[in-house]
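Novice: Going down the list, the protein sequences come from chains U and X. Position in the first sequence (first residue = 1) + 20 = the numbering used here. Position in the second sequence (first residue = 1) + 14 = the numbering used here. Quick one: the structure is below, questions incoming.
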Amino acid sequence: MSEDAITHTGSPAPSTGRALMLLALAVGLIALPFLVQALGQPALVPLATRVLIYAIAAASLNLALGFGGMVSFGHAAFFGVGGYVVGILYRTYVDDGLFLGLIPGTSQLLITLPAAILIGGLLALTIGALCLRTSGVQFIMITLAFAQMLFFLFVSLKAYGGDDGMTIRRRNELFGLNTRDDITFYFICLTVAALVFLALWRIIGSRFGMVLAGIRQNERRMAAIGIAPYRYKLAAFVISGMGTGLAGALMANYLRFVSPDMLHWTKSGELMIMVILGGVGTLLGPLFGAAALVILETVLTSWTEHWQLILGPILLLVVLFTQGGLNGLFNRLGIGRSER
Amino acid sequence: MSQPLLSVRGLCKRFGGLIATDSVDLDVVEGEIHALIGPNGAGKTTLLTQLFGELSHDAGEIRLDGEPIDTLATPQRVRRGLARTFQINQLLPDFSMLDNVALAVQARQGHSFRFFADARRDKGLRQRAREHLTAAGLAHRAEVKVADLSHGEQKQLEFAIALACEPRLLLLDEPMAGLGHAESEQMVAMLSGLKGRVTMLLVEHDMDAVFALADRISVLVYGRIIATGTAQEIRDNADVRTAYLGEGDA
C-alpha cells in the first residue's frame, strides 16, 4: 500500500453509499416541485421552501453548536436581524428615502442577501466577542440575553412596525425572474442552500475546521500545542451568524413579512431542536432536522393546536434512542455514512 | 556554565494559606535532562503548570533563553519553544492518533485561518505527523481513535504530540505513571534517545528512571527546592535523605 493510500484511510472518504445518497438527495430536491405538482399537491412547494430556509439556519447554528461546542441560545438574533435587513431596505426603497440618512433602499436580492450576511456577521462579531469570554451555562444565558435585548428593541421600534412587524409587499427581485412564483422561489432557496452546505462542508474539513473540532474536544490540549482558542471560536461564531442572517433574509422574502417573532427566544429553541433532531455535529443532520420539524408541525397542527405536546415526546425518543439524531439513524440503517 | 535555557527566580504561589511554591530558584541548562523530584504534594505539578502559563504565579520571574515569559499566555509560550505532557492525559478523544499529532504540526506551521483545503488530505501535514508517530513507535495505530486506545498508548501519544511541537524545552509530568514495566522501559529508552537534542524538565516518581536519565536533579519539598545536584550528590545529601528518602533521623 502506498503512503498516499495509508494517509487517506483516516479521512472520511466518501463511501459509495454516501455518494449515492447525496446524489439521490440532490435529484429528489430538484425534482420535488414537479413531482408534487404532478401529484396535485402544489402546496407542498412552499413547505419545502421553508424546510430549505430553516436548514440553512440550523446548519449555520450547527457550525457553532455541533462543531465548535458553543451552545448558543441566541441565534434568533441573527435570523431576525437578517429578516429586518430585507424589511428595512424594502421600506426605504418604497419610500425612496435613505436609511439613517445614508443608505438607499433596494429590492434587489443580490444586494439584500449579502447585506443580511454582512449585518449578521457584524452582529455575531459583537455578541460573540463578549459572550465567548464565558462558557458553559453562562454562555447559553448571555447569548439568550443578547437575543432578547434585540427582540425588545425591535418590539419598541414603531418606525418599523414594532410589535406588529412590517409587510414586504413584493419579494426581492432577481434577474427579472418572477420571485412571486413558488417554484421559482423554491429554486432560488435551493441554490442558496446548496452553496451554504458546500461552504460548510469545506470549512468542516479544513485546517480551521480541525482546530474548531479540537477546541470542542479539549481547549487545554489546543492551548498546549500553541493554539489560542478564542479567535477561532469567534471566527466560527461569526460565520455561523452570517449563515443564519442569510436564512433570515430568505425567510422575510418567503413570508413577505418580518416581525419580532423571528427574534423571539422560541425561534432560537426551534433552531436548536432542528439541530438536535437531525444530529449534532453532522453536515446534513440540520437538513433532516429542519424537514422533520417543519413537517411534524404542519401535520400535527392540523390535528391540534397543542401540537408541541406531541412534539416533546418525539424529540425525547429521538434523543434517547437514535444516538446522533436522524442522521445517525439513517447511518445505522445503512442509507449512507456521514463524517463526524 | 552557559546561560541557562530556563531560569526561574523567586517564584511564589499561594492558595489561601497554603504556600504551593515557595521562592523557587531553578536553572535548566540547554541539552540536559533535569529531574524534579519530591514527595506527593510537594508542588511539582503546580510548578510545571506555572512554567507553562496555565496557572499564574504570585511573585518571581521566569525567563526562557534570557527573555521573560511571565506575562505570556500558554499558546504564546508554546510558540517560544515550550511544550508539556500532562499527568492526566489531555487528548482529543474523537480524533485518531494521526489527527492529534497532525494538529500539533499544523499549529507549528502558523495560523489555521484556512477554510477551504481538506486538512486530512494535506500531504505535508499528514507525512510529518506520521513521522512523529513512527518515531514514538505508534505508527501502526495511527488511524485508531484516541478513545479506543489503552492508557499506555495515550501516554505515549501525549509524548508524541509534545515532540511534534518541536520544543526547545519539554516539561514532562510523570511520563511513566500508570505504564507497565515494558512500556516504562520503552519510555526511558525514548527519553534517553532524545537526550542532548531536547532539553527536558522531568517530574517523575520512578526513581530508577530518574537516576538513569537525569543529568541533574532538584528536590522539591513543601514548595521549596532544598537541593540541586547530580544523582550522586542528591543521594549523598543529608537534607534530602531526611526530608524525602526517609532514611535520616529527624
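For glycine and all other residues, C-beta sits at the position ideal for the given N, C-alpha and C.
For the beta strand (DSSP E) that contains X:Arg98, what are its first and last residues?
Specialist: Leu96 to Arg98
Novice: Taking X:Ile175 as the reference, which of U:Ser176, U:Ala244, U:Leu177 and U:Ala167 has the closest Cα?
Specialist: For the options U:Ser176, U:Ala244, U:Leu177 and U:Ala167, the alpha carbon positioned closest to that of X:Ile175 is the one of U:Ala244.
Novice: Identify whether X:Met201 lies in helix, strand or coil by the three-state DSSP scheme.
Specialist: helix
Novice: Going along chain U in order, which residues have a C-beta closer than 7 Å to the C-beta of X:Thr88?
Specialist: By Cβ distance, chain U contributes Ala243 and Ala244.
Novice: By the three-class DSSP mapping on this structure, what secondary structure does U:His95 have?
Specialist: Correct three-state label for U:His95: coil.
Novice: If you count every other CB in all the chains shown that lies within 10 Å of the CB of U:Ala267, and 16 or more means buried, which is it?
Specialist: buried
Novice: Which bits of chain U does X:Pro107 rub up against, with CB to CB less than 9 Å?
Specialist: Simply Gln237 and Asn238.
Novice: Exposed or buried, which one is X:Asp187 when buried takes at least 16 other CB atoms within 10 Å?
Specialist: buried
Novice: Could you please tell me which residues of the region 117–130 of chain X, in chain order, have their CB closer than 8 Å to any CB of chain U?
Specialist: Answer set for the region 117–130 of chain X: Leu117, Ala118, Gln120, Ala121, Arg122, Ser126, Phe127, Arg128, Phe129 and Phe130.
Novice: Considering only the beta carbon of each residue, do U:Asn192 and U:Leu129 sit closer than 8 Å?
Specialist: Against a cut-off of 8 Å, the Cβ pair of U:Leu129 and U:Asn192 comes out as a contact.
Novice: Which residue wins for smallest C-alpha separation from X:His219, given the options X:Lys27, X:Val43, X:Lys58 and X:Glu180?
Specialist: X:Lys58
Novice: Identify which residue in X:Gln170, X:Arg249, X:Ala133 and X:Ser232 has its Cα closest to the Cα of X:Ala191.
Specialist: When each option's Cα is compared against that of X:Ala191, the closest is X:Gln170.
Novice: Helix, strand or coil for U:Cys209? Go by DSSP, reduced to three states.
Specialist: helix
Novice: Does DSSP put U:Leu259 in a helix, a strand or coil?
Specialist: Per the sequence shown, residue 259 of chain U should be read as Ile rather than Leu. Three-state DSSP puts U:Ile259 in a helix.
Novice: Helix, strand or coil for X:Leu105 per DSSP?
Specialist: coil
Novice: Kindly indicate the opening and closing residues of the alpha helix (DSSP H) around U:Thr163.
Specialist: Counting along the chain, the unbroken alpha helix (DSSP H) around U:Thr163 starts and ends at Gly156 to Ser176.
Novice: Note down, in chain order, each residue of its chain lying with its Cβ closer than 7 Å to the Cβ of U:Leu331, except the 5 sequence neighbours on either side.
Specialist: Leu316 and Leu320
Novice: Closer than 7 Å by beta-carbon distance: list the chain X residues that pair up with U:Arg227, in chain order.
Specialist: Gln120, Ser126, Arg128 and Ala133
Novice: Of the residues that make up the region 246–257 of chain U, which ones have a beta carbon closer than 9 Å to any beta carbon in chain X?
Specialist: Gly246, Ile247, Ala248, Pro249, Arg251, Tyr252 and Ala255
Novice: With burial defined as no fewer than 16 other Cβ atoms inside 10 Å of the residue's Cβ, what is the status of U:His95: buried or exposed?
Specialist: Buried: at least 16 other Cβ atoms inside 10 Å.
Novice: So, for X:Val43: in the same chain, excluding its five sequence neighbours on each side, which residues have a beta-carbon less than 6 Å away from its beta-carbon?
Specialist: Pro18
Novice: Using 8 Å for Cβ pairs, my map puts X:Leu276 next to X:Arg94. What's the rounded Cβ distance?
Specialist: Chain X is shown from 15 up to 264; residue 276 of chain X falls before or after that span and cannot be answered.
Novice: Identify every residue that forms a DSSP beta bridge with X:Ser232.
Specialist: X:Leu50 and X:Thr242, per the DSSP bridge assignment.
Novice: Using a 10 Å radius around the Cβ and a threshold of 16 neighbouring Cβ atoms, would you call X:Gln120 buried or exposed?
Specialist: With 16 or more other Cβ atoms within 10 Å, it is buried.
Novice: Express the C-alpha separation of U:Lys253 and X:Ile51 in angstroms, rounding to a whole number.
Specialist: 39 Å
Novice: Determine the contact status of X:Leu106 and U:Gln237, defining contact as a CB-CB distance below 8 Å.
Specialist: Yes.
Novice: Quick one, which of X:Val212, X:Asp250 and X:Phe225 has its alpha-carbon nearest X:Gly45's?
Specialist: For X:Gly45, the closest C-alpha among the options X:Val212, X:Asp250 and X:Phe225 is that of X:Val212.
Novice: According to DSSP, simplified to helix, strand and coil, what is U:Ser322?
Specialist: In the three-state reduction of the DSSP assignment, U:Ser322 falls in the coil class, being assigned neither a helical nor a strand state.
Novice: Expressed to the nearest angstrom, what Euclidean distance is found between the alpha-carbon atoms of U:Met90 and U:Tyr250?
Specialist: 11 Å
Novice: Are U:Asn7 and U:Gly298 touching if we call contact CB-CB under 8 Å?
Specialist: Since the first residue shown for chain U is 21 and the last is 360, residue 7 of chain U is missing from the structure and cannot be characterised.
Novice: Compute the distance between the beta-carbons of X:Ile76 and X:Gly237, then report whether it is under 8 Å.
Specialist: With respect to X:Gly237, X:Ile76 sits apart: the two C-beta atoms are not nearer than 8 Å.
Novice: For X:Ala34, report the span of its beta strand (DSSP E) as first-last.
Specialist: Leu32 to Val42
Novice: Measure how close the beta-carbons of U:His284 and U:Phe171 come, nearest whole angstrom, since I'm counting them as under 8 Å.
Specialist: 6 Å
Novice: In chain order, what are the residue ranges of uninterrupted beta strand (DSSP E) at least 3 long that sit wholly in the region 134–205 of chain X?
Specialist: 183–187
Novice: Using the C-alpha atoms, what's the distance from U:Phe257 back to U:Gly30?
Specialist: Residue confidence is low: U:Gly30 scores 38 on pLDDT, short of 50, so the model does not pin down where it sits. Its coordinate-derived value is still stated next. Spanning the two alpha carbons is a distance of roughly 28 Å.
Novice: List the whole-angstrom C-beta distance separating X:Leu152 from X:Glu167, where the pair is believed to meet the contact cut-off of C-beta under 8 Å.
Specialist: About 7 Å separates the beta carbons of X:Leu152 and X:Glu167, which is inside the 8 Å limit, making them a contact pair.
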